[in-house]
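Contents: one structure, followed by commentary.
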C-alpha cells in the first residue's frame, strides 16, 4: 500500500474556508485546522493537523482492507483480523493482512495471510513461473485455483500450506493444521480472489 504523505493534502489548505464540505468528522476537522494554521503562518501546526488526518484515513483504509478476509465457514470460528499496513513498515514490507480460523472441535486450524506490494513478491512471482524452482522443495506440488498459479504442500503430518499469486503484486497464503485440500479451497473460494487487486491496490 502506498503511504500517505501530508503534502497530498496541501491543495486542501488552499480552498476558501467558505467552500462546501461534507459533514464534519475527525478527518475534515483536522484538515480544516491544518488549513487555518497554514493561513495563520503556523506551518508546524498545519503539519501536525494533517498528520493526524493522514493517520485517521489510514485507519479507515485498514478497516476496509480487513473486510477482504472471509468470515469463518460453518463449524468454524475466527479470531480478529490483523493488519500491518501503515507508515514506514508498509513501504518496506507492503500490506500484510492475516486471520486465524479454528474448527469448533479444536482439531483443526487455518491461518490466511495476504501480502501486497512487498519487494519480496518479485522473487515469489518468478518461482511460481518456473516449475524447476517449485520442484526444488520435494514437498511442493503445483497448484491452481480460479486461474491463479501457486504451490501446495501436504506433508504426512496432517498440515497443509497453499501459496497463490494473484496478479504480480499479491501473495495469498493458507497454512492449516488438521485441514484437507477441500477446506483450503473452500476458504479460497470465500476470499473472492478476483476482487483482491481492486480492494488492496485500488
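Residue numbers (mature numbering (1 follows the signal peptide of the UniProt record, and there is no 0)): -23 to -1, 1 to 179. Note that beta-carbon positions come from the ideal geometry of N, C-alpha and C, so glycine has one too.
Check whether residue 71 and residue 106 have beta carbons under 8 angstroms apart: Walking along the chain shown from the start, residue 71 turns up at place 94. Walking along the chain shown from the start, residue 106 turns up at place 129. Taking 8 angstroms as the Cβ cut-off, residue 71 and residue 106 do not qualify as a contacting pair.
Residue 102, enclosing alpha helix (DSSP H) - first and last residue: Residue mapping note: residue 102 aligns to position 125 of the chain shown, counting from 1. First-last of the alpha helix (DSSP H) with residue 102: 98 to 105.
Anticipated Cβ contact below 8 angstroms, residue 138 with residue 151, distance rounded: Here residue 138 refers to the residue found at position 161 of the chain shown. Here residue 151 refers to the residue found at position 174 of the chain shown. Right, their Cβ atoms sit about 7 angstroms apart.
Spatial neighbours of residue 84 in its chain, beta-carbon cut-off 7 angstroms, leaving aside the 5 residues before and after: Residue mapping note: residue 84 aligns to position 107 of the chain shown, counting from 1. Answer for residue 84: 155, listed in chain order.
For residue 49: DSSP bridge partner residues: Position 72 of the chain shown, counted from the start, is the residue given in the question as residue 49. Beta-bridge pairing links residue 49 to no other residue.
Cβ-based burial, residue 23 [other Cβ within 10 Å; buried from 16]: By one-based count along the chain shown, residue 23 stands at place 46. Its Cβ being crowded by 16 or more others within 10 Å, residue 23 is buried.
Under the three-state DSSP convention, the category residue 156 falls into: Mapped onto the chain shown, residue 156 falls at position 179. Here residue 156 sits in coil by DSSP.
Any 3 or more C-beta pairs closer than 8 angstroms across the region 46 to 54 and the region 161 to 177: yes
Residue 168 versus residue 80: straight-line alpha-carbon distance, rounded: Position 191 of the chain shown holds residue 168. Position 103 of the chain shown holds residue 80. The straight-line gap from Cα to Cα measures roughly 18 angstroms.
Alpha-carbon spacing of residue 58 relative to residue 17, whole angstroms: By 1-based counting over the chain shown, the position of residue 58 is 81. By 1-based counting over the chain shown, the position of residue 17 is 40. Straight-line Cα distance between these residues: approximately 42 angstroms.
Residue 117 and residue 131 closer than 8 angstroms at C-beta: Within the chain shown, the letter at position 140 stands for residue 117. Within the chain shown, the letter at position 154 stands for residue 131. No, these two residues do not count as a Cβ contact at 8 angstroms.
Outcome for residue 66 when other beta-carbon atoms lying within 10 angstroms are tallied against a minimum of 16: Counting from 1 along the chain shown, the entry for residue 66 is found at position 89. Here the model assigns residue 66 a pLDDT of 49, short of 50, so the residue's position is not dependable and the matter cannot be decided.
Whole-angstrom distance between residue 92 and residue 3, CA atom to CA atom: By 1-based counting over the chain shown, the position of residue 3 is 26. By 1-based counting over the chain shown, the position of residue 92 is 115. Their backbone Cα atoms lie some 29 angstroms apart in a straight line.
Paired residues, beta bridge with residue 60 - DSSP: Locating residue 60 in the chain shown gives position 83, where the first residue counts as 1. Answer is 74.
Pair within 8 angstroms by beta-carbon distance, residue 26 and residue 10: Position 49 of the chain shown, counting from 1, holds the residue named residue 26. Position 33 of the chain shown, counting from 1, holds the residue named residue 10. Yes, the Cβ-Cβ distance between residue 26 and residue 10 is below 8 angstroms.
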